Amino acid sequence: MSNDLLVVRNLVKYFPVKQGVFSRTVASVQAVDGVSFSIPKGKTLSLVGESGSGKTTTGRLVLRLIEPTSGEIIFDGTPVNTLKKGELRRLRKRMQLIFQDPFGSLNPRMTVAAVLGEVIRTHAGRAGIPAGFLSKTAGRDAGAPSERDRIMELLDLVGLPAAAADRYPHEFSGGQRQRIGIARAIAAEPDLIVADEPVSALDVSIQAQILNLLEDLQERLGLTYLFIGHDLGVVRHISDMVAVMYLGRIVETAPVEVLFENPVHPYTRALLAAAPVPDPDAPRRRVLPPGDIPSPINPPSGCRFHPRCPDAQPECSQREQRLIEATPGHFVACAVHVSKV
Amino acid sequence: MSAAAGQNAKQSYWRLVWRQYRRNRPALLGIVLVAFMGMLALAAPFLAGDAPILMKKGGHIYLFPNLFNYAELKAENLYNNFDRWEPGAGEWGLRPPIPHGPTRQDLKHRLESPSREHLFGTDDRGRDVLSRIIWGARISMSVGFISVGLALLIGVVLGALAGFYGGWVDVVILRLIEIWICVPSFFLIITVMAFLEPSIVNIMVVIGITSWPGVARLVRGEFLKQKQMDYATAARATGLTDRRIMFRHLLPNAITPVFVAATFGVAGAILTESALSFLGFGVPPPTASWGEILKQSQGYVDFAWWLVMFPGIAVFLTVVAFNLVGDGLRDAMDPRLRQ
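Top to bottom, those sequences are chains A and B.
Heads up: the first sequence is residues 1 to 341, going by our numbering.
Heads up: the second sequence is residues 342 to 680, going by our numbering.
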């Protein structure tokens, strides 16, 4: 068996655009259009791209919080996309989500203990899953830890004081709330966590703390992350592999250092060039031509990047670009540049 | 300790609402009036009635003899006949401040204008109007709260289902709401009540099942909004059942505007009950209800002003009070108006 915890093949999601009295489907938003990737156990894959590139949708599709239009999602050998409702609920224990907005993602009417306790109770003692890797004493035989003990342990794990248990979300700062969100995600003892821009709503100083917490938890609990982000510094820090998305497609994917040191696709280069460099004397380069990401309702033909591409050739508007292996493990969807590598 | 800490935080939301509410003078007046009417309804047996609250008879002391000593009273032909009871030697009875039962007829004192004995006068059968108004508050308040409670039950469940599931569930429930709203509810109530036995339970049920669509629409709208929130997605990602997500997570966040609507609903239900009783479809006589008193006054309006005035004022004050409370609550819960 392969070592991949999550394999995604040709994932597609079109959102229908409906109009008129009879809700005719007049068009569709091609949010995710043929995305494939895989994540080995214990590793982190980052999805990066502009807003509207389909990163978040991909994350929700993987957890099947949105039904895919087509494609395959295989989690630890189980095809997620064909599971029935009850089976899916059982599998949810093993795949959790961390949100971008630390304010909207916690129920304002529930205490921290109520939030965590609910997760623990929902997933307690489900068949086939070893109890409590969180408990230091470990194992059911040593006496299963009480719910309250588990809550305290979770709070300790994410660096919150025990007194936090009986408070309501509005009593916490953004960073603390994000810790609560992380505690909720790991309370289910998952294998995979989809982290949807978990730090982009936080102050820079807090961002580092949360990122370190995520890394620490990955190491201690053996977690696998699908990390969604747009801050390239953050992504470089946390990822093992990176996939760059543009208009619902992956345009380049590679191990993190390869991608940052040797970007091939013109869009990746533009993204990297646009990232601020903490050096006021560094020369300013602007590679990305002005203009917004085109509408996913009516995406450009051929290579979706060609209207903004500085190196576009006449055939780029005709020919669909597929991911080609430029160097081992480094895939690029640009025939023009791959030939130069 | 944990419960206490939770309690504190929970109070803080309502404390915030209360702080805002307190600034609103008409709303404060409303809540005082509502509390007053509620007290009248709850304390009716202490305030008005024939039966003594506490009595000594034949060497025994009875508390609330009408309630607890039915058999003994029946044997002595005293049950519901306390007005004729004259305490003998060594016997005494402590009567309520208004010593007239709401249904006791006294044909020697028909249609008397307000006096020291009958503060609000008497009706065409010599019944004390004040006593009837106090006991009528019971009918009005219970009809108001129970029928609205029923409407909430139906409306919240249907609205929650429609908002949460969307799709064909939503379409079916929405059409049901639209059809229900098209029916002029007052005439439906009259028609239904004409076929049913007139009883207070029937009135509550009929008012309840005609006033749920507003609640359902409100809850549906709130659910549509709340289910988009990240915490709802988180609940789904946790693998909770739909029922738990709906009623444990979404409903507590969607219920605030429903409270406000319910307050207005109570006022509406009280008004409807009065109107029904006035038209003779309400609580069966001789039970005292405000609308019923107004109905009895019909032949005597030209001179017996007290028969119209006092129950009218009671209805008016109660309905206004509930509307003021509803307004105040809406303003106090509106975060945009918060200072």
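Glycine included, C-beta positions come from ideal geometry on N, C-alpha and C.
For clarity, every value in this text was computed on a predicted model and none was experimentally measured.
Alpha-carbon spacing of K18(A) relative to Q321(A), whole angstroms: Near 30 angstroms, if we compare the C-alpha coordinates of Q321(A) and K18(A).
Proximal residues of chain B, C-beta to C-beta of G42(A) below 9 angstroms: Within 9 angstroms Cβ-Cβ: nothing; G42(A) doesn't reach chain B, min ~21 angstroms.
Rounding to the nearest angstrom, what Cα-Cα distance links F536(B) and W553(B) in this structure? 22 angstroms
Using the Cβ count rule (16 or more neighbours within 10 Å means buried), how would you classify S618(B)? buried
Run down chain B in chain order and give the residues with a C-beta less than 8 angstroms from the C-beta of L65(A). T574, R577, A578
Along the region 577 to 605 of chain B, what residues have a CB closer than 7 angstroms to any CB found in chain A? R577, A578, T579, G580, L581, H590, P593, N594
Classify M380(B) as buried or exposed, calling it buried when 16 or more other Cβ atoms lie within 10 Å of its own Cβ. exposed
Assign F644(B) to one of two classes, buried (16 or more other C-beta atoms within 10 Å of its C-beta) or exposed (fewer than that). exposed
Interface partners of A188(A) on chain B, CB under 7 angstroms: One finds T579 in chain B with Cβ atoms closer than 7 angstroms to the Cβ of A188(A), taken in chain order.
Could you give the uninterrupted runs of the beta strand (DSSP E) lying entirely in the region 216 to 295 of chain A, keeping only those of 3 residues or more? 224 to 229, 241 to 246, 249 to 255
Touching or not, the region 70 to 77 of chain A and the region 540 to 559 of chain B, by the rule of three or more beta carbon pairs under 8 angstroms? no
DSSP-derived helix/strand/coil call for I439(B): strand
Taking just the CA atoms, how far does Y246(A) sit from E50(A)? 7 angstroms
First and last residue of the uninterrupted alpha helix (DSSP H) at S488(B): 470 to 506
CA-CA distance, T137(A) and D149(A)? Here T137(A) scores only 41 on pLDDT, less than 50, and its place in the model is too uncertain to base an answer on.
I need the straight-line Cα distance from D216(A) to P102(A), nearest angstrom please. 20 angstroms
CB contact flag (P652(B), T444(B), <8 angstroms): no
Closer than 7 angstroms to a non-hydrogen atom of the ligand PLP - does that hold for the CB of L259(A)? Ligands displayed in this structure: none; no statement on the ligand PLP is therefore possible.
Chain B contact for R150(A) (CB, 8 angstroms cutoff): no
Minimum Cβ-Cβ distance from G674(B) to chain A less than 8 angstroms: The sequence given here places Met at residue 674(B); Gly does not occur at that position. No, its Cβ sits nowhere closer than 8 angstroms to a Cβ of chain A.
Note the first and the last residue of the continuous alpha helix (DSSP H) segment covering T327(A). Taken as a continuous stretch (DSSP letters only), T327(A) belongs to no alpha helix (DSSP H), being part of the beta strand (DSSP E) at 324 to 327.
Classification of E614(B) by the beta-carbon crowding that lies within 10 angstroms, buried from 16 upward: buried
Let me know the alpha helix (DSSP H) ranges lying completely inside the region 30 to 115 of chain A, each 4 residues or longer, listed in chain order. 55 to 62, 85 to 91
Start-to-end residues for the beta strand (DSSP E) that takes in K18(A): 4 to 19
Between which two residues does the beta strand (DSSP E) carrying K397(B) extend? Taken as a continuous stretch (DSSP letters only), the beta strand (DSSP E) holding K397(B) covers 395 to 398.
Residue range of the alpha helix (DSSP H) that H330(A) falls in? Element bounds for H330(A): not the alpha helix (DSSP H) but the beta strand (DSSP E), 330 to 332.
Residues in the same chain with beta-carbon distance under 7 angstroms from I522(B), minus the five sequence neighbours each way, listed in chain order, please. Within the same chain, P554 come within 7 angstroms of I522(B) by CB-CB distance, once the 5 residues on both sides are set aside.
Residue interval of the alpha helix (DSSP H) (run including Y168(A)): Note, Y168(A): premise wrong, no alpha helix (DSSP H); not H, not E.
So, does the CB of R109(A) fall closer than 8 angstroms to a CB anywhere in chain B? For R109(A), the answer is yes, since a Cβ of chain B falls inside 8 angstroms of its Cβ.
So, at 6 angstroms on beta carbons, what are the nonlocal neighbours of A673(B) in its own chain, with the 5 sequence-adjacent residues on each side left out? V358, Q361, Y362
Could you check which residue in V513(B), I439(B), L648(B) has the C-alpha nearest to that of I394(B)? That would be I439(B), whose Cα lies nearest to the Cα of I394(B).
Would you give the residue range spanned by the alpha helix (DSSP H) that I530(B) belongs to? 526 to 536
Does Q96(A) get closer than 8 angstroms to chain B when you measure Cβ to Cβ? yes
Segment contact, 8 angstroms Cβ cut-off, at least three pairs: the region 504 to 512 of chain B with the region 560 to 571 of chain B: Judged by Cβ distances under 8 angstroms, the region 504 to 512 of chain B makes contact with the region 560 to 571 of chain B, as three or more pairs qualify.
Per DSSP, which one or two residues make a beta bridge with W433(B)? K397(B)
Which same chain residues, not among the five before or five after A344(B), have their C-beta less than 6 angstroms away from its C-beta? The predicted position of A344(B) is uncertain, since its pLDDT is 42 and thus under 50; a value taken from the coordinates is nonetheless stated next. Excluding positions up to five away in sequence, the list is empty.
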